[in-house]
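Numbering-wise, the sequence shown is residues 115 to 404 according to the working numbering.
Glycine included, each C-beta is placed from N, C-alpha and C at the ideal position.
To start, the structure under review is shown below, and the notes come after it.
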Amino acid sequence: MPQVAVKPGVNMTERFDCHHCNESLYGKKYILKEENPHCIACFEELYANTCEECGTPIGCDCKDLSYKDRHWHEGCFHCSRCGSSLVDKPFAAKEEQLLCTDCYSNEYSSKCQECKKTIMPGTRKMEYKGSSWHETCFTCQRCQQPIGTKSFIPKENQNFCVPCYEKQYALQCVQCKKPITTGGVTYREQPWHKECFVCTACKKQLSGQRFTARDEFPYCLTCFCDLYAKKCAGCTNPISGLGGTKYISFEERQWHNDCFNCKKCSLSLVGRGFLTERDDILCPDCGKDI
């Protein structure tokens, strides 16, 4: 605030001047800036803020209203749309313009998808895919409880909390009877959780893997071969018959194509005549002496 230049204990013959213009301050109002006295004119010229609205300095006798390093006279601090004073009132800023809450809401605020009313500045709102709701209007379609920050599932332009969605729409896993909310596997037109669709024998997950079935029960290829596939009479490994695997069958014995060879000379007997000696198969040349 301006002060009258009266310095106790100072002789009137001692000079007391403006730090900028050197004019005497005795009997005049002055302002201290960094402990240096300035006359009112010099202080306003050097340090007064310029009003954003009228472009003139904000003098010492005026109230200086500021917002984000910008300054206004009290009478210049008004809404840029309707002109109403913003002094001691809530306001919003848009593209460096100050607006009262009514003007801002009418021009820029989003409308609530549910109640169709304006969502006022400073009010908490929920947004999803370009739509907005008042926090209290963003509710589950089924139970009508506010969803808030909880997880939800949209369906046909409606939003559901997870428990309600599961009750109304989610398929139930054939194995565990619990709802399938994401992903899942369909086998024989029935739904399964991925983690529930496993090999009947080893319980390994089958989702994304090759598998086969026996008596409608799914098996991974390894377990199916170990349990049900016939064994090759040559190498004793399983003959799966899956994926077009070729094999030879003779008198209740089977061989992989690559294993159907003469016991003595190892000649392939696929498509050829052969002889048997006990459990061995022989080409006609090797079997001449039996």
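query                                                                                                                                                                    : result
CB-CB under 7 Å to residue 253, same chain, minus the five flanking residues each way: which ones, in chain order?                                                       : 259, 260, 261
Determine, using beta-carbon pairs with one atom in the segment 308–317 and one in the segment 342–354, whether at least three such pairs fall under 8 Å.                : no
Report all residues from its chain with a CB closer than 6 Å to the CB of residue 162; omit the five preceding and five following residues, and keep chain order.        : 171, 172
Which value, in whole angstroms, describes the spacing of the CA atoms of residue 178 and residue 167?                                                                   : 12 Å
How would you write the range of the beta strand (DSSP E) that residue 82 sits in, first residue to last?                                                                : Missing from the structure shown is residue 82; the chain here goes from 115 to 404 and no further.
Runs of 3 residues minimum, wholly inside the segment 319–345: which ones carry the beta strand (DSSP E) assignment?                                                     : 325–328, 331–334
Use the C-beta contact count for residue 268: other C-beta atoms within 10 angstroms, 16 or more gives buried, fewer gives exposed.                                      : exposed
Given this structure, state the Cα-to-Cα distance separating residue 144 from residue 244, to the nearest angstrom.                                                      : 58 Å
Quick check on residue 294: does DSSP put it in helix, strand or coil?                                                                                                   : strand
Residue 293 to residue 394, Cα distance in whole Å?                                                                                                                      : 57 Å
Using a Cβ-Cβ cutoff of less than 7 Å, which residues in the same chain neighbour residue 306 once the five nearest sequence positions on both sides are dropped?        : 287, 288, 289, 298, 299
Using the beta-carbon count (16 or more within 10 Å), is residue 364 buried or exposed?                                                                                  : exposed
Roughly how many angstroms lie between the CA atoms of residue 215 and residue 255, to the nearest whole one?                                                            : 31 Å
Take residue 331 and list the residues in its own chain whose beta-carbon comes closer than 7 Å to its own, dropping the five residues that flank it on each side.       : 314
Mapping DSSP to helix, strand and coil, what is residue 244?                                                                                                             : coil
Specify the secondary structure class of residue 201 as computed by DSSP and reduced to three states.                                                                    : coil
Ignore the nearest five residues each way along the sequence and tell me which others in residue 284's own chain have a CB closer than 7 Å to its CB.                    : 293, 294, 295
Could you check the C-alpha separation between residue 351 and residue 360 for me, to the nearest Å?                                                                     : 14 Å
What separation, rounded to the nearest whole angstrom, lies between the Cα atoms of residue 372 and residue 354?                                                        : 14 Å
Between residue 264 and residue 276, what straight-line distance do the alpha-carbon atoms span, to the nearest angstrom?                                                : 9 Å
Tell me where the beta strand (DSSP E) around residue 273 begins and ends.                                                                                               : 272–275
Do residue 217 and residue 190 come within 7 Å of each other at the CB atom, strictly closer than that value?                                                            : no
If you draw a straight line from the C-alpha of residue 196 to the C-alpha of residue 181, how long is it?                                                               : 19 Å
Please list, in chain order, all residues of the same chain as residue 304 whose beta carbon is under 6 Å from its beta carbon, the five residues on each side excluded. : 288
Confirm, please, whether the CB-CB distance from residue 246 to residue 232 is below 7 Å.                                                                                : no
When DSSP builds the beta bridges, which residues end up paired with residue 154?                                                                                        : Per DSSP, none; premise fails for residue 154.
In angstroms, rounded to a whole number, what distance separates the CA positions of residue 153 and residue 137?                                                        : 8 Å
Rounded to whole angstroms, how far is the Cβ of residue 382 from the Cβ of residue 374, which I believe are closer than 8 Å?                                            : 7 Å
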